[in-house]
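Chains as they are written, first to last, in our numbering: chain A, 1 to 343; chain B, 1 to 343.
Worksheet: one structure, shown below.
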DNA sequence: TATTCATCTCTAATCGATTAGAATTAGCAT
DNA sequence: ATGCTAATTCTAATCGATTAGAGATGAATA
């Protein structure tokens, strides 16, 4: 393949019989008006030459790269970086960004990675803005956000609000409300002895869901029985074993609220292995709504996260020219209870 | 945040008391030698000023962006783009690229998306190379590859070899061998009546795994009973129902080879719901080795894909200066049979 | 000491766009 | 027609690096 000579602005200008400045104006729809006739000629030339503005030249002069970076600070980067959770969100975000002419750059961050890499990325001026996902609450994230703030780069935080003091907005789904909905549902079905399987408590989500459980129980006038709160590290097998412990109790629960669908899956399996039925003997509600939840039999009742919405909102916030009219906002997106067969 | 003035080459040069050319030489370790003393002075200046070369300027002049794009041509882009499969691979790839100073750009392609987007990306000169994943065999992918070839960009194909005529290497895992291993394993345990649950036959993997099944049966001198080959669209629920049909046969199988772990999951559930045990009554082997496979009880025997290896290999191929000494190569990575409790 | 050669450094052109500021043209009222 | 303003268009500087070609330096050789 002989690498055909690139088509440049100059070529287009020559073909359209105008100066390069005008071509630039036409392409960028401004900042100065162009006559209808010239505009058309330029567009035709662009079309005919299959011209695409060079990204580097553009970025150099205009200081805009039309690229957005996303980094996740997670404890389990390699296995979970692209969980269903992040995956769906990323897909939506990629698509939303693309439709605005932006590209998404993936950064490989673990929760303990040094800010050096980040500093390099920012120093290079490679991206216009950055999205950060933290699985824990501030202030563990502060040093990272500090780096971004110093670079003067727009940033949106995923899931964990509280970056407002850096001037950054956030997009979060409503973990608390999700837990409330799940519990309300189970309580509404008459369950009184409800267990909770929580996830890795280093995660803010695990904390939030557990505290929703406790709040709901208390609000319903029920005492919190700590033998009904079992834990595991977001791991289906651990959930299976935890459930076995629940089933072995003198007063086993009649319902289980699991902090994730993976955990719920383990619970359902354990219950069925014990010869009991779901939801006949024990009802189960999960959290996340991963694809399996709908497909398994019995299908899993769960709390659906607004993943695609989140992706789109983040994309919108990051590409908004009109950055925050009235200060950064913490966007809280609603979750949805999906009642299926396990409850 | 007042956006601090950028530190440029000039600043570094001034501080080190040399010309910008020398700084460039030092930073890029070539193409001309620099004296030890000057080299050190420059490094010190870089350090002190926290200098990072501007990506756009660099890209403009040197025509290298140090960015790699990846696109997936799949039938189900939104749900599966970031399946476990792609996720782990991407994580490995991102990391490998990063360690070489490259960044990964995500492209949001569905299998029927037009080449226009791609042409734009390439026209912009935004990336140095591109990785493409196709879930079907050529020639459906040819028009896309044609675009890349015309742009003269290095490209690596994931999973589906046969792009050699465009001069592109490929990285694939051994689907056929995986099927063979799974079947050999089941046959070795004395199973003779083995069923196969295949996935969406539009996928080359589904085809390859099915044909491995047929080949193994034939090689073992067994006749292929078409009532034992049931299909579903990579969907756990469909697998569940397909398995119910298998169990209802006059001569139900004693083992099932499922074309994916998701399908295997559905099969296991169906078997257990029927009151039978796995592997006591029926053995099951899956394909992929998703995280759940190890965690479920009983844990699932399956074929593990070399996902991280693939990611790294692709990264290597795409960043290799020495592009193909002796023509493009189709790299075929081995898979591994993981025997667990279901078989 | 003069000459040659290798090594290192500097000057300045260049990549391809954007965008001030100047120049031109068009539109309109006088 | 003429002057004035508004609408367009052109010229050329600029972004921040890389890199050919020229120049300077020092060591080795004659």
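C-beta: ideal position from N, C-alpha, C; glycine also.
Note that the coordinates shown come from a computational prediction; the quantities given were computed from them, not determined experimentally.
Legend entry - Selection of the region 90-109 of chain A by Cβ proximity to chain B, strictly under 7 Å: 90, 91, 94, 95, 98, 103, 104, 105, 106, 108
Inset, instruction - Indicate whether at least one CB of chain B lies closer than 8 Å to the CB of residue 47 of chain A. - result: no
Inset, instruction - Please go through the region 67-145 of chain B and give each complete alpha helix (DSSP H) segment of 4 or more residues, from N-terminal end onward. - result: 77-80, 84-99, 115-123
Legend entry - Span of the beta strand (DSSP E) around residue 198 of chain A: 194-198
Legend entry - 4 or more residues per run - each alpha helix (DSSP H) lying fully within the region 2-38 of chain A: 9-16, 20-27
Inset, instruction - Note down, in chain order, every chain A residue with its Cβ under 8 Å from the Cβ of residue 65 of chain B. - result: 55, 56
Inset, instruction - State the CB to CB distance for the pair residue 264 of chain B and residue 302 of chain B, rounded to an integer number of angstroms; the pair is presumed to be in contact (CB under 8 Å). - result: 7 Å
Inset, instruction - Output, in chain order, the set of chain A residues within a Cβ distance shorter than 7 Å of residue 269 of chain B. - result: 296, 297
Inset, instruction - Output yes if chain B places a C-beta closer than 8 Å to the C-beta of residue 341 of chain A; else output no. - result: no
Inset, instruction - For residue 304 of chain A, go through chain B and note every residue whose CB falls closer than 9 Å to its CB, in chain order. - result: Simply none; closest approach about 14 Å.
Legend entry - Simplified DSSP state of residue 287 of chain A, which is helix, strand or coil: coil
Inset, instruction - Measure the CB-CB distance between residue 266 of chain B and residue 234 of chain B and report whether it falls below 8 Å. - result: no
Inset, instruction - Say whether the region 38-50 of chain A touches the region 14-24 of chain A, bearing in mind that this needs 3 or more beta-carbon pairs closer than 8 Å, one atom from each stretch. - result: yes
Legend entry - residue 247 of chain A, buried or exposed, once every other Cβ within 10 Å from all chains shown has been counted against 16: buried
Legend entry - Straight-line Cα distance separating residue 68 of chain B from residue 102 of chain B: 7 Å
Legend entry - Option in A/48, A/32, A/84 with minimal Cα separation from residue 306 of chain A: A/84
Legend entry - Beta-carbon proximity list for residue 251 of chain B, same chain, < 7 Å, skipping 5 on both sides: 193
Inset, instruction - Measure the alpha-carbon distance for residue 54 of chain B versus residue 124 of chain A and round it to whole angstroms. - result: 5 Å
Inset, instruction - Excluding the 5 residues preceding and the 5 following residue 342 of chain B in the sequence, name in chain order all residues of the same chain whose CB lies nearer than 6 Å to its CB. - result: 278, 279, 284, 298, 300, 301
Legend entry - Alpha carbon of residue 97 of chain A to alpha carbon of residue 273 of chain B, nearest angstrom: 45 Å
Legend entry - Candidates B/178, B/260, B/99, B/334, of which the one nearest residue 117 of chain A by Cα: B/99
Inset, instruction - Quick one: grab the DSSP three-state call for residue 170 of chain B. - result: strand
Inset, instruction - Grab the span of the beta strand (DSSP E) containing residue 158 of chain A for me, first residue to last. - result: 155-158
Legend entry - Distance CB(residue 160 of chain B)-CB(residue 204 of chain B) smaller than 8 Å: yes
Inset, instruction - Check whether the Cβ atoms of residue 239 of chain A and residue 197 of chain A sit closer than 8 Å, and answer yes or no. - result: yes
Legend entry - Min CB distance residue 178 of chain B to chain A below 8 Å: no
Inset, instruction - Could you work out which residues of chain B lie near residue 52 of chain A, taking near to mean beta carbons separated by less than 9 Å? - result: 119, 120, 121, 122, 123, 124, 125
Inset, instruction - Within the same chain, show all residues whose beta-carbon is closer than 8 Å to that of residue 185 of chain A, passing over the 5 residues directly before and after it, in chain order. - result: 285, 301, 337, 339, 343
Legend entry - Where the alpha helix (DSSP H) containing residue 262 of chain B begins and where it ends: 261-273
Legend entry - Alpha-carbon spacing of residue 104 of chain B relative to residue 61 of chain B, whole angstroms: 21 Å
Inset, instruction - From the DSSP output, read off the bridge partner residues of residue 258 of chain A. - result: A/197
Inset, instruction - Confirm, please, whether the CB-CB distance from residue 126 of chain B to residue 65 of chain B is below 8 Å. - result: yes
Inset, instruction - Would you verify that the beta carbon of residue 60 of chain A is, or is not, closer than 8 Å to some beta carbon of chain B? - result: yes
Inset, instruction - Throw me the rounded Cβ distance for the residue 363 of chain B and residue 209 of chain B pair, which I believe falls under 8 Å. - result: One cannot answer for residue 363 of chain B here, as it falls past the ends of chain B, which runs 1 to 343.
Inset, instruction - Closer than 6 Å by C-beta to residue 212 of chain A: which residues in its own chain qualify, once you throw out the five before and the five after it? Chain order, please. - result: 176, 179, 180
Legend entry - Buried or exposed (CB count within 10 angstroms, at least 16 for buried), residue 169 of chain A: buried
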